[in-house]
Every structure is written in structure tokens, then in C-alpha cells.
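Chemist:
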Amino acid sequence: MPPTQIIRTTCPRDCYDACGIAVAKRADGKIKVLGDPDHPVSRGALCGKCAIAYNGAWLDPKIRLTRPLQRVGAKGEARFEPVTWDYAIGEIAGRLKTTVTAHGAESIWHSHYTGTCSLIAGGFPQRFLNRLGASEVEPDSICNAAGHAALGYMYGTGSEGFDPRMAKDAAAILIWGANPHASAPHQHKHWIRETPAKIIVVDPVKHPTAAAAHLHLQPFPGSDAALAFAIAHVLRREGKIDRAFLADHAVGFDALEPEIARCSPEWAAPITGVPASQIEEAARLFGAGPALLWMGQGLQRQPKGGNVFRAVAMLSALKGDFAKPGAGFLFLNGGARRGLDGDTIEAPQLRAKPKRSASHMDLIEVLKSPRDARALITWNVNIAASNPRQAELQRVLKRDDLFHVAIDCFATDTTDFADFILPAAGFLEFDDIVSPYFHLGLSVQAKAIEPIGESLPNQEIFRRLARAMSFNEPELYEDDATILDTLARQAGLTGFAALKEKATVELSPDPVPLFADLKFPTPSGKIELRSDRAAADGHPALPQPSADARPEAGRFRMLSPASPWLMNSSYHEDAKIAEKVGPEAILLHPADAEGLSLKVGDTAAVTNATGRLMMRVDIGEIVPRGVALAHKSRWPKLLAGHLNVNALNPGEKTDMAESSAVHGVEVTIARA
Ligand SMILES: Nc1nc2c(c(=O)[nH]1)N[C@H]1C(S)=C(S)[C@@H](COP(=O)(O)OP(=O)(O)OC[C@H]3O[C@@H](n4cnc5c(=O)[nH]c(N)nc54)[C@H](O)[C@@H]3O)O[C@H]1N2
Ligand SMILES: Nc1nc2c(c(=O)[nH]1)N[C@H]1C(S)=C(S)[C@@H](COP(=O)(O)OP(=O)(O)OC[C@H]3O[C@@H](n4cnc5c(=O)[nH]c(N)nc54)[C@H](O)[C@@H]3O)O[C@H]1N2
Ligand code: SF4
Ligand SMILES: [Mo]
1 MPPTQIIRTT CPRDCYDACG IAVAKRADGK IKVLGDPDHP VSRGALCGKC AIAYNGAWLD
61 PKIRLTRPLQ RVGAKGEARF EPVTWDYAIG EIAGRLKTTV TAHGAESIWH SHYTGTCSLI
121 AGGFPQRFLN RLGASEVEPD SICNAAGHAA LGYMYGTGSE GFDPRMAKDA AAILIWGANP
181 HASAPHQHKH WIRETPAKII VVDPVKHPTA AAAHLHLQPF PGSDAALAFA IAHVLRREGK
241 IDRAFLADHA VGFDALEPEI ARCSPEWAAP ITGVPASQIE EAARLFGAGP ALLWMGQGLQ
301 RQPKGGNVFR AVAMLSALKG DFAKPGAGFL FLNGGARRGL DGDTIEAPQL RAKPKRSASH
361 MDLIEVLKSP RDARALITWN VNIAASNPRQ AELQRVLKRD DLFHVAIDCF ATDTTDFADF
421 ILPAAGFLEF DDIVSPYFHL GLSVQAKAIE PIGESLPNQE IFRRLARAMS FNEPELYEDD
481 ATILDTLARQ AGLTGFAALK EKATVELSPD PVPLFADLKF PTPSGKIELR SDRAAADGHP
541 ALPQPSADAR PEAGRFRMLS PASPWLMNSS YHEDAKIAEK VGPEAILLHP ADAEGLSLKV
601 GDTAAVTNAT GRLMMRVDIG EIVPRGVALA HKSRWPKLLA GHLNVNALNP GEKTDMAESS
661 AVHGVEVTIA RA
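Be aware that the sequence shown starts at 1, since it is given in full-length UniProt numbering, and climbs by one per residue.
1) Among L639, T494, P650, T504, which has the Cα closest to the Cα of M558?
2) Between D163 and ligand 3, is there a pair consisting of the residue's CB and a ligand heavy atom that are separated by less than 7 Å?
3) In terms of DSSP beta bridges, what is M295 paired with?
4) Looking at the unbroken alpha helix (DSSP H) that takes in M314, where does it start and where does it end?
5) Less than 7 Å between the CB of M567 and some heavy atom of ligand 1, yes or no?
6) Would you check whether ligand 2 has a heavy atom nearer than 7 Å to the C-beta of H663?
7) In the DSSP output, what is R71 paired with across the bridge?
8) Give the DSSP-derived three-state secondary structure of D254 in the structure shown.
9) Going by DSSP, name the residue or residues bridged to G158.
10) So, are the CB atoms of P221 and V202 less than 8 Å apart?
11) What's the gap between the Cα of P265 and the Cα of K447?
12) Reducing DSSP to helix, strand and coil, say where I669 ends up.
13) Closest to R237 by C-alpha separation, out of V274, A172, L318, would be which residue?
14) Give me the Cα-Cα distance between L584 and C143, rounded to the nearest whole angstrom.
15) For Q445, write down the residues that DSSP places opposite it in a beta bridge.
16) Check whether the segment 545-564 and the segment 342-355 are in contact - that is, three or more C-beta pairs closer than 8 Å.
17) Looking only at its own chain, which residues have a Cβ that is under 6 Å from the Cβ of G122, when we skip the five neighbours before and after it?
18) Between R301 and H148, what straight-line distance do the alpha-carbon atoms span, to the nearest angstrom?
19) Under 8 Å, with one C-beta from each stretch per pair, do the segment 19-31 and the segment 43-51 reach the 3-pair mark?
20) Rounded to whole angstroms, how far is the Cβ of G530 from the Cβ of G252, which I believe are closer than 8 Å?
21) Got a sec? Which residues, its chain only, sit under 6 Å from H371 by beta carbon, not counting five neighbours each side?
22) So, is M1 buried or exposed, given that buried needs 16 or more other C-beta atoms within 10 angstroms?
23) Straight-line CA distance for V137 to A406?
24) When burial is assigned at 16 or more other CB atoms within 10 Å of the CB, is A358 buried or exposed?
25) What residue range does the beta strand (DSSP E) around A105 cover?
26) Please classify V41: does DSSP put it in a helix, a strand, or coil?
27) If contacts are defined as beta-carbon pairs under 8 Å, then V274 and L227 qualify, I think. What distance do you get, rounded to the angstrom?
28) Is the separation between the beta-carbon of V623 and that of L648 shorter than 8 Å?
29) Cβ of W635 within 7 Å of any heavy atom in ligand 2?
30) Can you give the beta carbon distance from L643 to L613, rounded, assuming they're within the 8 Å contact cut?
31) When DSSP labels each residue in this structure, what does K398 get in the three-state scheme?
32) Need the endpoints of the alpha helix (DSSP H) that H233 sits in, please.
33) Please list the terminal residues of the continuous beta strand (DSSP E) segment that includes K25.
34) Between F286 and M295, which are expected to be in contact by the criterion C-beta below 8 Å, what is the C-beta distance as a whole number of angstroms?
35) Name the two residues that bound the continuous beta strand (DSSP E) containing T522.
36) For D416 versus A78, is the C-beta spacing smaller than 8 Å?
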């Protein structure tokens with residue numbers, strides 16, 4: 001049957017690409033989810049994982065959660081019974097009310113992240129949670145809070161980045177601690193390849209983007225700050241430092257310069273493992289003209305990730321790489337880049353008292369304490385797969401007097417521990433807006449099908465909870481259409497209909513220079529290479545040319561970045577994807593494998609003080625000796641032992657913002 005209708009929408013996953021989707025709908029209502037050929041980034045193709053899962057698990061009522069469920073077994077046993085929406089909402093509201101009365105609203109915690117990044121489904125629930133006065137697990141602390149803190153000190157914000165359309169004017173693109181091949185597959189496929197700029201990748205792993213680059217520097221994890229200073233050293237020696245720019249627009253270069261002068265490539269080579277000649281070459285390419293610096297999220301998930309970010313981000317400042325074509329850095333591009341006001345969606349004014357929050361790294365301590373936590377609401381997250389100290393978290397989630405409501409599209413490890421599970425509608429089932437975090441456009445999420453089963457969009461679930469709690473603030477009930485029009489107008493459109501018509505709109509016809517007015521949102525209005533705020537917060541005033549100590553003999557530094565086949569833990573529920581990801585695997589350098597008498601396909605016991613996992617051995621010359629590579633976040637319950645790689649993650653905090661230092665984990669490895 002040929003399609004009778006094409007609905008253009010957008011992938012709202014936490015992904016740099018934000019691909020355009022064309023849903024082909026037939027007369028019998030059946031759909032096929034395809035890439036939108038007119039989308040500037042994805043150009044007609046979805047990534048492999050979405051092409052499978054959006055036509056598989058996401059449409060399958062046998063895999064999706066379709067009805068509200070109430071627990072009938074023990075916590076974690078995953079025995080539930082279907083109940084009506086009215087009953088579930090009534091019971092939950094009743095329990096929240098008695099919890100507020102007996103223990104205060106602050107004893108109700110909620111954890112959420114980027115399960116969907118569409119604006120309303122990702123943000124509207126905050127209106128209810130603000131009104132309730134619930135405590136929040138600081139969302140970015142599982143992902144990128146250290147990078148935001150570091151860039152905040154130096155530039156005043158981590159949410160303003162280059163416009164990728166600038167690539168045509170760049171002499172070089174330096175990709176530092178990101179893996180576009182997995183985490184931004186269309187940038188890997190099109191954007192990087194089509195630019196005349198020289199591509200330099202800095203990553204301990206020779207991933208496919210690194211392998212295709214003009215130059216790949218392969219530092220030992222956690223040694224990047226030393227490497228950045230050595231690149232700065234060469235820029236200085238070759239007269240590539242823009243002293244006039246620094247005099248006008250930065251503070252602290254005078255204090256930094258002696259350090260830069262000290263950190264030669266020969267000094268950095270043994271510390272980082274990168275040959276001095278490659279450091280020289282990288283500096284030469286990066287210094288040849290305006291350059292784009294893409295700082296990946298993986299880079300700051302290191303114990304000293306904040307310092308690393310300040311040291312690397314300093315390079316754009318030294319060259320004066322702002323306010324001109326082909327120049328700038330990017331961590332991510334936030335909604336404000338297109339005029340969007342986050343407060344419109346989340347209504348923080350509904351909160352009566354300052355918000356109490358805790359880092360994801362402290363979640364176990366919070367949930368363990370009956371004094372601090374009486375209830376937990378999880379939505380848009382799968383903490384039982386994504387968080388550190390996984391075995392211990394599973395035990396803590398069994399606390400019988402912790403009332404847990406989980407909202408998801410699928411029955412995850414996290415929902416297995418809940419008292420009530422509420423089924424969330426997927427992105428094909430309601431209108432919303434997607435604000436991509438790499439490109440500067442704005443994209444539509446358009447309803448293509450009715451919600452699967454009785455599932456409801458997050459926002460509708462929280463409206464129902466508000467009603468059952470007898471809250472009367474009008475913000476809690478504002479309808480989607482009104483909010484979508486408001487947001488579209490903030491971005492300069494006439495309304496949501498205009499966005500729907502175009503599917504994706506560019507913010508401006510021409511590439512937007514970064515910090516065009518050379519005003520930086522720091523206290524001084526300049527780039528703060530030396531930051532008094534950092535010093536006041538107990539950090540060094542200047543970035544430091546330091547590197548982490550190497551692991552002791554017999555220990556490995558284990559990296560667990562994004563897998564090309566999963567989106568965090570999402571998609572493992574799809575059988576075809578599960579087949580692709582297979583069992584937990586760990587990749588070693590051939591010489592390390594030989595030293596441990598391990599062959600491809602062997603099982604290795606991977607151990608540290610936090611946990612022990614049996615992992616399938618892979619071998620490849622893509623990591624330095626002493627580094628082991630695994631991937632993040634399979635579904636624990638689909639694995640032997642019901643644990644994934646986060647069972648080995650002690651939850652160490654980064655130097656800044658109490659964020660996850662998961663790429664700093666150390667393990668020992670032995671034949672099982
Ligand atoms: N070892 C290791 N662990 C890591 C990382 C790492 O690098 N290494 N990375 C970390 C990072 S960067 C992040 S961001 C976190 C991510 O960790 P999480 O935020 O837990 O991400 P997911 O595992 O994808 O869980 C998102 C959940 O949201 C659900 N969902 C999707 N759409 C909707 C919706 O519309 N409504 C509702 N209610 N639910 C929806 C999905 O089904 C899924 O179960 O993991 C971290 N964990
Ligand atoms: N397919 C897929 N795409 C995803 C995700 C996914 O799970 N799967 N997750 C999404 C999310 S939530 C996020 S935050 C982003 C993350 O995507 P990225 O920003 O690409 O970050 P990661 O995948 O964590 O790690 C990227 C690279 O950082 C490197 N790295 C680790 N430590 C160091 C170090 O010390 N120095 C240097 N130079 N490099 C280091 C790793 O080797 C890895 O190649 O991807 C998003 N996109
Ligand atoms: S996950 Fe990323 S690459 Fe895959 S379809 Fe969605 S936006 Fe595109
Ligand atoms: Mo993330």
C-alpha cells in the first residue's frame with residue numbers, strides 16, 4: 001500500500017544531529033518512519049539505531065508501556081497489575097499529599113533528564129514539580145555540569161557555541177573528546193567530510209572519525225590540560241597569539257603566559273603520550289587561520305574535567321577566535337541562542353522556596369535516608385542503567401518506604417522498582433518543538449499517530465496530577481498549543497503553524513558569529529582566563545597544565561562513551577538492537593591483551609572496589625596501552641548478572657560542579 005500522507009517531524013533524542021524525519025502514513029493508518037530528504041543535517045537518512053527502533057519497539061504495543069501499572073510484587077521483581085488512570089493518579093496524589101504533610105515537600109525527589117529533548121515533554125513537568133516544591137537530582141550532574149561550570153568561569157556560558165555553517169570559512173576543525181561517528185553520526189557523515197578545513201581529532205580512542213581525520217592525537221585520558229598548554233606554547237612561539245585581542249577582551253593572559261612558555265611539546269610528550277612532533281603539527285594546523293573547536297561531552301567526564309575544559313577552551317581565546325567567520329568553540333548551543341526562554345516552559349515562579357538539589361553522584365546517599373527522601377518521581381531517565389554504583393542503587397531502590405513513581409515509554413530497570421508506572425506517549429504521538437544543540441535551527445515535532453495504548457504525553461500526566469492535588473495555578477493547565485505558539489514567537493516565527501509548515505527553520509540566513517559583539521557574560525564582560533569566581537569557589541584562578549596520575553601497574557583506565565547502537569540506555573528494548581549490541585564487551589590494546597593471555601571472545605573479569613563484571617574481550621590497536629574501552633548503558637536486566645558497566649563506576653565527582661567523572665574509572669582485568 002503506498003503512503004497517502006507524509007508527516008515531517010524531528011528526532012528529539014539527546015543527540016547532536018536532531019534529524020528530520022518523514023513519517024509515511026498509509027490509508028490503513030500504518031506508518032513507516034524514514035529520514036526527511038529535505039533536512040539539512042540528515043538529508044534523508046536516520047541513524048541505524050533510530051531506523052530500527054522507530055519502526056520496531058517504538059510502535060510495538062507489546063514492548064511499549066500501554067497502561068498505568070501498580071506494583072503487586074516486591075520492589076525490583078517487576079510484577080505489576082494494570083490500573084485505570086483515574087485510580088493511579090488519585091493514589092499518587094493522595095500519597096504525595098500525605099508525604100508533604102508528614103515530611104515536607106522537600107522529601108519528594110524527582111530525577112529527570114533528556115529521554116526526550118522536545119521542549120514541552122522535557123520541561124513542562126517542572127511546572128508541577130516547582131509548585132509542589134519537590135527536590136531535584138541535579139540533571140546535568142550525570143552528563144555535562146563540569147563543562148558548563150568551566151566555560152561559565154571563562155566565558156560566562158557553556159551554552160553558546162559556533163554555528164556549524166561556519167565550517168566553510170575555517171582553516172581547521174579541532175574535535176576534542178567527542179566521537180561524532182557514534183554521537184553525531186550525520187556530522188561525521190556529511191559536515192566533517194564536506195568542509196575544506198583540516199580535521200584534527202584529540203581522543204584516546206582511534207574511533208572512525210579520528211581514523212578519517214588529517215591528524216589524530218591520542219593522549220592518555222585525563223592528560224588533556226597538559227596537551228592544551230603545549231599547543232598554546234607552540235602558538236606563542238610561532239606568533240599566533242592575538243595579543244591585541246587579549247588586551248582588549250580577556251583578563252589574565254599576563255599571569256598565564258609564563259606557564260604557557262614553560263610547557264613545551266617536549267615537556268608534554270611523556271605526560272600525555274602524544275609525540276612532540278604531533279603537538280607541533282596540531283598547533284600549526286589550528287593556528288593557520290580561524291578555527292572551530294568542538295569540545296565533546298566525553299572530554300569533561302574526567303576527574304579534572306573542569307580544569308581540562310578551561311585549558312582547552314583557552315585556545316580559542318589565545319587566537320582571538322570569536323566574532324568572525326570560521327571561528328569559535330562549541331560545547332553545545334542552548335535554546336537561548338534562538339530566543340527561547342526556558343522559564344516560559346518551566347515556570348520557576350511557581351516555587352515558593354529555593355530548590356533543594358543533589359548531585360547524581362550523591363543520589364544513593366539521598367535515597368538511602370528516610371529522613372531526606374520519602375518519595376521519588378523518575379521521568380525521562382533510566383537511573384538504574386545510567387547512574388554509578390549500580391548494584392548499590394538497585395538495593396536502595398528496593399526501600400519499601402520510598403514511594404516511587406516512574407514515567408517512561410518502556411518497562412526499564414528503573415520502572416521495575418516503582419510503586420506506580422505511568423506510560424508516556426512517544427514523540428510520534430504529540431506536537432512539540434525540538435531545539436537542536438549543535439545546529440542553530442528550530443524544528444517541529446509533529447503528531448503522526450495516536451498515543452500507543454493509554455499512554456499520555458508527560459505534560460498531560462502532570463496536568464492530571466496537578467488537578468488531583470487541587471493546585472489552582474493556571475500555568476499548570478496551560479495547553480500545548482498555546483505554549484507552542486509562545487515558543488515559536490520567541491524564536492521569531494509567527495506561530496507554531498509556521499514551524500510545522502517548514503519542519504526545520506534556520507535562525508538566520510547567514511552563519512551567526514560567536515560572541516559577535518565581543519561582550520562575554522562574565523562579571524568583567526571579558527574572557528576570564530583568570531577567574532576570581534573560580535578562585536572564590538576554591539579552584540585555581542587559572543587553568544593548570546596538569547595531568548592525572550597514570551593508573552598503577554596492572555590497572556586500566558576504562559572509558560565508557562556512547563555506543564553507536566544505543567542512545568544512552570534507550571533502544572536496548574528493541575530485539576534487533578539488542579542483537580547488535582550483544583553482551584557487555586571490553587576492548588584492549590593487543591599488547592595488553594597478550595600480557596593478560598586474553599584472546600578475542602574470551603571472558604574477562606573486570607573488577608574494582610565498586611563491582612565486578614564478566615565482559616567479552618575485544619582487541620584493537622585503537623586505544624593506548626593501559627586504556628580499556630567499553631560502552632555505556634545497556635539495559636542491566638538484559639545482561640548476565642543484571643548489571644552493566646555502571647556497576648564498575650564508583651561515582652567519583654569532577655573537580656567542578658559535582659558532575660560525573662565516569663571516564664576516569666579504573667579497573668583490573670583478568671581471565672575469567
Ligand atoms: N558508564 C557511563 N554511564 C553514563 C555515561 C557514560 O558516558 N558512561 N553517560 C551519561 C550521560 S552523558 C547521560 S546523559 C546519562 C543518560 O542517562 P538517562 O538520562 O538515564 O538516559 P536513558 O538511559 O536514555 O533514559 C531515558 C529514558 O527516557 C525514556 N523516554 C524517552 N522518551 C520519553 C518521554 O517522552 N517521556 C518519558 N517519561 N520517558 C521517555 C526512555 O525510554 C528511557 O528509558 O547517562 C550517563 N551514564
Ligand atoms: N549513539 C549515541 N549517541 C549519543 C549518545 C549515545 O548514548 N549513543 N548519548 C548522547 C549524550 S547524552 C551525550 S552527552 C553525547 C556524548 O557524546 P560525546 O560528546 O561524543 O561524548 P562521549 O561519547 O561520552 O565521549 C566522546 C569521546 O571522548 C573521549 N574521551 C574520554 N575521556 C577523554 C579524555 O580524557 N580526553 C580526550 N581527549 N577524550 C576523552 C572518548 O574516548 C570518546 O571517544 O552523545 C549523545 N549522542
Ligand atoms: S538519534 Fe541522532 S542520529 Fe539518530 S535519528 Fe535521532 S537525531 Fe538522528
Ligand atoms: Mo549526556
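Glycine included, C-beta positions come from ideal geometry on N, C-alpha and C.
Modeler: Here's the rundown:
1) Within the sequence shown, numbered from 1, the residue matching residue 558 stands at position 558. Nearest of L639, T494, P650, T504 to M558, Cα basis: P650.
2) Here residue 163 refers to the residue found at position 163 when the sequence shown is read from its first residue. Not under cutoff, so the answer is no.
3) If you number the sequence shown from 1, residue 295 lands on position 295. Looking at the DSSP assignment, M295 forms a beta bridge with W176.
4) Taking the first residue of the sequence shown as position 1, residue 314 is located at position 314. From DSSP, the alpha helix (DSSP H) with M314 extends over 305-318.
5) In the sequence shown, counting from the first residue as 1, residue 567 sits at position 567. Yes; taking the cut-off as 7 Å, the Cβ of M567 has a heavy atom of ligand 1 nearer than that.
6) Counting from one through the sequence shown, the residue named residue 663 turns up at place 663. Within the cutoff, so yes.
7) Within the sequence shown, numbered from 1, the residue matching residue 71 stands at position 71. Answer by DSSP bridge pairing, in chain order: F80.
8) Taking the first residue of the sequence shown as 1, we reach residue 254 at position 254. Residue state, collapsed to three classes: helix.
9) Taking the first residue of the sequence shown as 1, we reach residue 158 at position 158. According to DSSP, which records beta bridges pairwise, G158 is partnered with nothing at all.
10) To locate residue 221, count along the sequence shown from 1; it is residue 221. To locate residue 202, count along the sequence shown from 1; it is residue 202. Cβ atoms of P221 and V202: not closer than 8 Å.
11) To locate residue 265, count along the sequence shown from 1; it is residue 265. To locate residue 447, count along the sequence shown from 1; it is residue 447. Distance between the alpha carbons of P265 and K447: 55 Å.
12) What you label residue 669 is simply residue 669 of the sequence shown in a count that begins at 1. In the structure shown, I669 sits in a strand (DSSP, three-state: E or B).
13) Start at 1 with the first residue of the sequence shown, and residue 237 comes out as number 237. Of the listed residues, the one whose Cα sits closest to R237 is L318.
14) Residue 584 sits at position 584 when you count from the first residue of the sequence shown. Residue 143 sits at position 143 when you count from the first residue of the sequence shown. The question names Leu, but residue 584 in the sequence shown is Glu. If you take the alpha carbons of E584 and C143, they lie about 21 Å apart.
15) As a position in the sequence shown, residue 445 is number 445, starting the count at 1. In the DSSP output, where bridge partners are listed per residue, Q445 has D432.
16) no
17) The residue given as residue 122 occupies position 122 in the sequence shown. Once the five neighbours on either side are set aside, the close Cβ partners of G122 are T116.
18) Position 301 of the sequence shown, counting from 1, holds the residue named residue 301. Position 148 of the sequence shown, counting from 1, holds the residue named residue 148. For R301 and H148, the distance between alpha carbons rounds to 12 Å.
19) yes
20) As a first step, residue 530 must be located in the sequence shown, where it is residue number 530. As a first step, residue 252 must be located in the sequence shown, where it is residue number 252. In the sequence on display, residue 530 carries Arg and not Gly. With 8 Å as the limit, R530 and G252 qualify as a contact, their Cβ atoms being about 3 Å apart.
21) Residue mapping note: residue 371 aligns to position 371 of the sequence shown, counting from 1. It is worth fixing the name first, because residue 371 is Arg in this sequence and not His. Around R371: no qualifying Cβ.
22) Numbered from 1 along the sequence shown, position 1 holds the residue referred to as residue 1. Classification of M1: exposed, given that the 10 Å Cβ count is below 16.
23) In the sequence shown, residue 137 corresponds to position 137, counting from 1. In the sequence shown, residue 406 corresponds to position 406, counting from 1. If you take the alpha carbons of V137 and A406, they lie about 15 Å apart.
24) In the sequence shown, counting from the first residue as 1, residue 358 sits at position 358. Flag for A358 reads buried.
25) For the purposes of this step, residue 105 is taken as residue 105 along the sequence shown, with counting starting at 1. Here A105 belongs to no beta strand (DSSP E), and DSSP marks it neither H nor E.
26) Position 41 of the sequence shown, counted from the start, is the residue given in the question as residue 41. In this structure, V41 counts as coil in the three-state DSSP scheme.
27) Position 274 of the sequence shown, counting from 1, holds the residue named residue 274. Position 227 of the sequence shown, counting from 1, holds the residue named residue 227. Indeed they touch by this definition, with Cβ atoms about 6 Å apart.
28) As a first step, residue 623 must be located in the sequence shown, where it is residue number 623. As a first step, residue 648 must be located in the sequence shown, where it is residue number 648. No, Cβ-Cβ distance for V623 and L648 is not below 8 Å.
29) The count along the sequence shown starts at 1 and reaches residue 635 at position 635. No.
30) The residue labelled residue 643 in the question sits at position 643 within the sequence shown. The residue labelled residue 613 in the question sits at position 613 within the sequence shown. So it is a contact: roughly 6 Å between Cβ atoms.
31) The residue labelled residue 398 in the question sits at position 398 within the sequence shown. Note: K398 maps to coil in three-state DSSP.
32) Position 233 of the sequence shown, counting from 1, holds the residue named residue 233. Per DSSP, H233 belongs to the alpha helix (DSSP H) from 224-237.
33) Residue numbering aside, residue 25 sits at position 25 when the sequence shown is read from its first letter. Its beta strand (DSSP E) spans residues 20-26.
34) Here residue 286 refers to the residue found at position 286 of the sequence shown. Here residue 295 refers to the residue found at position 295 of the sequence shown. About 13 Å separates the two Cβ atoms, so there is no contact after all.
35) Position 522 of the sequence shown, counting from 1, holds the residue named residue 522. Segment: none, T522 is in no beta strand (DSSP E) and carries neither H nor E.
36) Your numbering for residue 416 matches position 416 in the sequence shown. Your numbering for residue 78 matches position 78 in the sequence shown. Yes, these two residues count as a Cβ contact at 8 Å.
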